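In our numbering, the protein residues as written are 20 to 245.
We put the beta carbon where it would ideally sit given N, CA and C, even for glycine.
These numbers were taken from a predicted model, which means no experiment stands behind them.
Before any comments, here is the structure.
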Amino acid sequence: MLKQPKYQHLRRRALIAVAAGVVFGVLLLSWRVGLTAAILAAIADTVYRARTASSVPAWRRPSVAERRTEGQLKKLERGGYRTLHARAIPNSDAQIDHLVVGPTGVYAVDSEKWDRRLPVRVQSHRKLFHGPFNQKPRLDEARWEANQASDLITQALGREVTVVPSLAIYGPAIPWRILNIRDVDVFSGGLVRKWITKREKSLTTAEIDSIYQAAERVLPPRYGDD
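Okay, here's the thing in structure tokens:
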């Protein structure tokens, strides 16, 4: 069972722990030291995986976080909102998890499932941390994706269209409601709908349709279907 892909990280963690335990136990001639080393190695690998899981590559399979956001956004349809999921940024490995077009504007939502055991904090409204790990690369990626989408849609329509970037985080508690960090709105995943609908209406039905159709053309589906 451990050889199945979904358990590979557990197999690797076990091997790391055993190797550390044997090496330190033999070198220091103490099984207690070896056991301690094995436990510390397993903890270190767990923390490392938590860090990498917080910056999941954009070409991944749809995550639990993405499905939860998709469920929330589906409820906005009756309010005139339209959404494209898992849309690729041309000539890159990046994707926008959810592009939302509706009466209040155009939004790029990236959904993240982070380790709930590590706290989320912000420093000087410019730095976002998940535990000890600086999430600047993730924020920069979300902002870049939204800017790319904005440029592509603007070029397609011949008029400026702003796409607002965001990071919807599931797992750990977020000690604020909505906070703009490095030009990206960051909030708990459960606030996605409120984040979108609490803004003033700025687009007509005709504008929503044209922007949505342009986005559908210039941002291809990541998985070959919509």
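- Nearest Cα to residue 167 within the set 239, 221, 222: 239.
- Distance between residue 209 and residue 33, taken at the CA atoms: about 35 Å.
- Excluding five sequence positions before and after residue 120, the CB atoms of its chain that fall closer than 6 Å to its own CB belong to 101, 227, 230, 231, given in chain order.
- In this structure, residue 60 lies away from residue 241, with their beta-carbon atoms at least 8 Å apart.
- Shown here, residue 220 sits in coil according to DSSP, grouped into three states, outside any helix or strand.
- For residue 214 against residue 204, the beta-carbon gap comes to about 7 Å, under 8 Å, which counts as contact.
- DSSP, read as helix, strand or coil, puts residue 177 in coil.
- For residue 190, the number of other beta carbons within 10 angstroms of its own is at least 16, and it is reported as buried.
- With fewer than 16 other Cβ atoms inside 10 Å of its own Cβ, residue 58 counts as exposed.
- Comparing C-alpha distances from residue 138 to each of 144, 129, 151, 132 shows the shortest one belongs to 151.
- From the listed residues 164, 154, 107, 186, the smallest Cα separation to residue 206 is found for 186.
- For residue 202, the three-state secondary structure derived from DSSP is coil.
- Residue burial annotation: residue 62 is exposed, with fewer than 16 other C-beta atoms found within 10 angstroms of its C-beta.
- Under DSSP, residue 187 takes part in a beta bridge, and its partners are 130, 206.
- The continuous stretches of alpha helix (DSSP H) do not include residue 135, and DSSP gives it neither H nor E.
- The closest CA to that of residue 173, considering only 99, 97, 237, is found on 237.
- In this chain, residue 113 is not harboured by any alpha helix (DSSP H), its DSSP state being neither H nor E.
- In the structure shown, residue 156 falls within a helical segment according to DSSP collapsed to helix, strand and coil.
- Taking C-alpha positions only, residue 117 is separated from residue 123 by approximately 16 Å.
- Under the three-state reduction of DSSP, residue 197 is assigned to strand.
- Pairing residue 144 with residue 200 gives a Cβ-Cβ distance under 8 Å.
- Separation of residue 127 and residue 35 (C-alpha to C-alpha, rounded to the nearest whole angstrom) is 39 Å.
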